[in-house]
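Trainee: For reference, the structure I am asking about is given below.
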Amino acid sequence: MAGCKAPCGAGQAGWEVPSGRWRELPPRASCRLCQRRARERCRAVNHISRCHFSSRTVSLFKARQASFLVGNTQVECNPSDDASSIKGLPCTEEKGIGKRSKKSVFYFQQFHHNYQPKERRHRKQKFTHTTCYTKHQKWDDIEKAKSSGDWKAVHDFYSTTFDSFLEINAVFKVDVNSPFNTTEDSGINAKFVNVVYDALLNTPQDVQKSVLKGIINGLLQEWKGPRTKDDLRAYCILLQNPQFSNTSTYVIYAHLLRQIAALTEADHHFLVHWSKKISQRRFKQVVDRLLQFISLRLFPAKPEEFPPMVKCTWWIPSATKVLALFNAANSLISPPIISYTDFYNSTLDHIDLMEEYHNWQCYGNSHRFSFCQYPFIISIAAKKVIIQRDSEQQMISIARQSLVDKVSRRQKPDMNMLFLNVKVRRTHLVSDSLDELTRKRADLKKKLKVTFVGEAGLDMGGLTKEWFLLLIRQIFHPDYGMFTYHKDSHCHWFSSFKCDNYSEFRLVGALMGLAVYNSITLDIRFPPCCYKKLLSPPIVPCDHNTLVGICDVTLDDLFQIMPELAHGLSELLSYEGNVEEDFYSTFQVFQEEFGVIKSYNLKPNGDKIPVTNQNRKEYVQLYVDFLLNKSIYKQFAAFYYGFHSVCASYALLLLRPEEVEILVCGSPELDMSALQRSTQYEGYQKTDVTIRYFWDVVLGFSLDLQKKLLHFATGSDRVPVGGMADLNFKISKSETSTNWLPVAHTCFNQLCLPPYKNKKELKQKLIIGISNAEGFGLE
């Protein structure tokens, strides 16, 4: 008899699936067990009907004959049936998108792989094969469509791919049957994503519009309900769509960003780790696209292209939050995917940042958006403006309080009370400076004015610059013993020698704070690790027992200071032999102090614990921590408190360690051509023969002479944050005899140049002037 292929072997014809639209091909199974199983599977199919599909999916089901396998029974859908009445598909005239019940989602997930249409299975296999396309093959498809004018195949591919998050995963997932639920592997075929997106921009407008329509459909479907890892994968892929560089797509882009920004912290964690796997080129494009979106929303070239700002206040916060995810991903990798400066948005330099800063201070714990909550997007030039204005406000406040106190005591006000007046002798520069700053600790946040005893110079800024330069040179001299200069890394580091008084380290910290406070660059060579410690923490803790200047350090930090030692420790970590027998080391280190060798245990009883293959990582970490944290703790703590005694400000929370270094030291890289382009002239024209002689000579100078010229004219040989243009360098015509040397007004960054007759004379006089600059010709 014609029986069922079930294990019972029995079967009779004539049984119908309860839906009324499905017809059975083989005869039904007569045994009760097989009938019950068949009914359960039919109920599963009915549950699938609660899941809503797009109109495109409806048309696909109408266009092809779908079949379901129910147990061992094949159930077919007649293509002539009305699509709106097929189980599993809603009516095509239904408006909006219905909600999926939790139960229907559960059944859909349970039976999705077992009871999907056969054609659907083949389609998934085709997608899996498609992901093996090379870029050249995809371009071949595009070129064939261009030559033939038939874009149907290309159009179908793109419209199908981006119509839903389900389709996106089917196409771009490496293996559609694997969940890929870990942070380490997104399961995205990145190469194929690049191929598809690179080819997309070379397709006709109707193809590109179909992609955008599909994205809208997908975003609407996924707007509510919990997110799955497939949803996160789709978000990650959609963010890389190059169409979002066009302002006409910004409304769609904004809603995509809004959905991503509204994800849970756990979902953001996945996106951050998946984003760090994106190629550098694509990563940079996504970041640039987000920055452009923020800039054009702030200052639109054509305001009519965008909705009114009052109706889309969430655009910028959403984009900034998504940008923060990419910044976090960038920070997880060493070296980073792109430079931290690539996250700067220079457009923000033109908004009222002080208002942003004050709002952030006042509403820091609220949900009110401020760019200061995301300091990575604010350029170093903008941060400098915030710090300068914050410093000026503190200076004015303290000066006003001093004036009020003076008047309240019925004393005659004195202009000097408004400044931090420092009087020093050149022969006792360090000791006089230390005494002055210690005695006038309450005035450190006033405007600095320096006087050299016995000299007639009036400090309009130039003497202050010279005081900083000379003091730093003397303190950092190797003979002074406070800092050790490492030739291999060309930087200074704190001496670990123990002493009774660490006040001079506090002086160096105060000098750095005064330099930032008074917008002066210093010639200091500290490693990046120093500035990381200086911001640990960025705000001085109220509890004086709290450790300061302690940060997590790695072997990379040691490489920046002592490369030879770091290299040796690196070799120890990679050594393949027996570490204990071959190195015979313990958790004990030795240091020389004033000719005496002293030993220190890296951990309790460290001298009795051998270094082995199993514990060598711990040994290296403890050794690095000892060198960069513990052995110099008192020295650095004094330095830390000195810096923060002047620069205590919430604005420090905005800074990265690298940015603190730039604010303190400026940039050592000189671009004299840029200086030439930005120079202003007084009494001269840039085409005058003397000016042409001057730049011919300067551009031909060695780097050392160029630095001397910059120091002679500006009081510092470092370039400020804004580059050479920020120097506002000016060359003025001196009406004195050509027998005179050039004169500099460092407070105004001005060089007074006599009209020398020839290039040789100009070069000779200029070299004499810049080589004998200290205490001469400075005003």
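Going by full-length UniProt numbering, the letters in the sequence shown line up with residues 1 to 779, in that order. Quick reminder that beta carbons are idealized off the backbone N, C-alpha and C, glycines included. Source: prediction; values computed, not measured.
Name the DSSP bridge partner or partners of Trp493?
Mentor: Paired residues: Thr484.
Trainee: Specify, as a first and last residue, the run of the beta strand (DSSP E) that Val719 falls within.
Mentor: Where Val719 is concerned, there is no enclosing beta strand (DSSP E), given that its DSSP letter is neither H nor E.
Trainee: Measure the Cβ-Cβ separation of Cys752 and Ser734 and say whether it is below 8 Å.
Mentor: It is a contact, given that the beta carbons lie within the stated cut-off.
Trainee: Could you give the C-beta distance for Ile520 and Thr484, rounded to a whole number, given that I count them as a contact under 8 Å?
Mentor: No, Ile520 and Thr484 are not in contact; Cβ-Cβ is about 25 Å, not under 8 Å.
Trainee: Are there three or more Cβ pairs, one per stretch, closer than 8 Å when the segment 587-597 is compared with the segment 672-679?
Mentor: No, they do not touch.
Trainee: Assuming contact is defined by CB atoms lying nearer than 8 Å, are Tyr517 and Ser391 in contact in what I supplied?
Mentor: Contact: yes.
Trainee: Label Leu699 either buried or exposed according to how many other C-beta atoms from any shown protein chain fall within 10 Å of its C-beta, with 16 as the threshold for buried.
Mentor: The residue in question, Leu699, is exposed, as its Cβ has fewer than 16 Cβ neighbours within 10 Å.
Trainee: Using the beta-carbon count (16 or more within 10 Å), is Thr736 buried or exposed?
Mentor: Its Cβ having fewer than 16 others within 10 Å, Thr736 is exposed.
Trainee: Which whole-angstrom value describes the C-beta separation of Ile338 and Lys284, a residue pair presumed to lie in contact below a C-beta threshold of 8 Å?
Mentor: Correct: roughly 5 Å between the Cβ atoms.
Trainee: What number of angstroms, rounded off, separates the C-alpha of Glu356 from the C-alpha of Leu348?
Mentor: Cα to Cα, the separation comes out at about 10 Å.
Trainee: Report the option in Lys445, Ala329, Ser248 and Lys277 whose CA atom is closest to the CA atom of Gly642.
Mentor: Out of Lys445, Ala329, Ser248 and Lys277, Lys445 has the C-alpha closest to the C-alpha of Gly642.
Trainee: Just curious, the beta strand (DSSP E) that His268 is in, first and last residue?
Mentor: Per DSSP, His268 belongs to no beta strand (DSSP E); it is in the alpha helix (DSSP H), Glu265 to Ser275.
Trainee: Can you look up His745 in the DSSP assignment and give me helix, strand or coil?
Mentor: His745 falls in the strand class under three-state DSSP.
Trainee: Is the separation between the beta-carbon of Ala324 and that of Tyr374 shorter than 8 Å?
Mentor: Their beta carbons are under 8 Å apart, which means Ala324 touches Tyr374 by this criterion.
Trainee: Have a look at the DSSP bridge pairing and note the partners of Gln680.
Mentor: According to DSSP, which records beta bridges pairwise, Gln680 is partnered with Lys730.
Trainee: Going straight from the alpha carbon of residue 807 to that of His367, what length do you get?
Mentor: Within the shown structure, residues of the chain are numbered from 1 to 779, placing residue 807 beyond reach of any answer.
Trainee: Can you name the start and end residues of the alpha helix (DSSP H) that Asn169 belongs to?
Mentor: Segment Phe165 to Phe172, the alpha helix (DSSP H) holding Asn169.
Trainee: Once the 5 residues before and after Leu573 are set aside, which same chain residues still bring their CB inside 7 Å of it?
Mentor: So the qualifying residues of the chain are Arg616, Lys617 and Val620.
Trainee: Does the segment 538-554 come within contact of the segment 680-687, defined as at least 3 CB pairs closer than 8 Å?
Mentor: With a cut-off of 8 Å, the segment 680-687 and the segment 538-554 do not count as touching, because too few Cβ pairs lie within range.
Trainee: Is DSSP giving Tyr623 helix, strand or coil here?
Mentor: Reduced to three states, the DSSP call for Tyr623 is helix.
Trainee: With a cut-off of 8 Å on the beta carbons, I'd call Pro242 and Leu200 a contact; round off their distance for me.
Mentor: Yes, they are in contact, since the Cβ atoms of Pro242 and Leu200 sit about 7 Å apart, within 8 Å.
Trainee: Buried or exposed: which applies to Asp557, given that a residue is buried once 16 or more other Cβ atoms fall within 10 Å of its Cβ?
Mentor: With 16 or more Cβ atoms within 10 Å of its Cβ, Asp557 is classed as buried.
Trainee: Taking the straight line between their C-alpha atoms, what separation do you get for Lys760 and Leu710?
Mentor: Distance between the alpha carbons of Lys760 and Leu710 is about 20 Å.
Trainee: Let me make sure I understand the geometry here. Which of Pro303, Arg227 and Ala254 has the alpha-carbon closest to that of Leu239?
Mentor: Among Pro303, Arg227 and Ala254, the Cα nearest to that of Leu239 is on Ala254.
Trainee: Considering only C-alpha positions, which residue in the set Pro226, Leu232 and Glu184 is nearest to Ile168?
Mentor: Measuring from the Cα of Ile168, the nearest candidate turns out to be Leu232.
Trainee: Could you tell me the alpha carbon to alpha carbon distance between Tyr756 and Gln706, rounded to whole angstroms?
Mentor: In a straight line, the C-alpha of Tyr756 is about 20 Å away from that of Gln706.
Trainee: Sorted by chain position, which residues of the same chain lie with C-beta nearer than 8 Å to Gly481's C-beta, five sequence neighbours on each side aside?
Mentor: Closer than 8 Å at the Cβ level, and outside the excluded window around Gly481, lie Ser495 and Phe497.
Trainee: How is Val553 classed by DSSP in three states: helix, strand or coil?
Mentor: Of the three classes helix, strand and coil, the one that applies to Val553 here is coil, per DSSP.
Trainee: Can the beta-carbon of Val664 be found less than 8 Å from the beta-carbon of Ile524?
Mentor: Their beta carbons are under 8 Å apart, which means Val664 touches Ile524 by this criterion.
Trainee: For the beta strand (DSSP E) containing Cys530, name the first residue and the last one.
Mentor: Not the beta strand (DSSP E): Cys530 falls in the alpha helix (DSSP H), residues Pro528 to Leu534.
Trainee: Measuring CB to CB, does Leu534 end up less than 8 Å from Val660?
Mentor: Yes, Cβ-Cβ distance for Leu534 and Val660 is below 8 Å.
Trainee: Can you tell me whether Val422 is helix, strand or coil according to DSSP?
Mentor: In this structure, Val422 counts as strand in the three-state DSSP scheme.
Trainee: Just to confirm before moving on: does the CB-CB distance between Gly509 and Tyr640 stay below 8 Å?
Mentor: For Gly509 and Tyr640, yes; Cβs fall inside 8 Å.
Trainee: Which same chain residues, not among the five before or five after Leu652, have their C-beta less than 6 Å away from its C-beta?
Mentor: Closer than 6 Å at the Cβ level, and outside the excluded window around Leu652, lie Pro538.
Trainee: Roughly how many angstroms separate the alpha carbons of Ile237 and Leu627, rounded to a whole number?
Mentor: Between Ile237 and Leu627, the C-alpha separation is close to 45 Å.
Trainee: At what residue ranges does the segment 190-259 contain a whole run of the alpha helix (DSSP H), taking only runs of 4 or more?
Mentor: DSSP runs (the alpha helix (DSSP H)) wholly in the segment 190-259: 190-200, 205-221 and 229-238.
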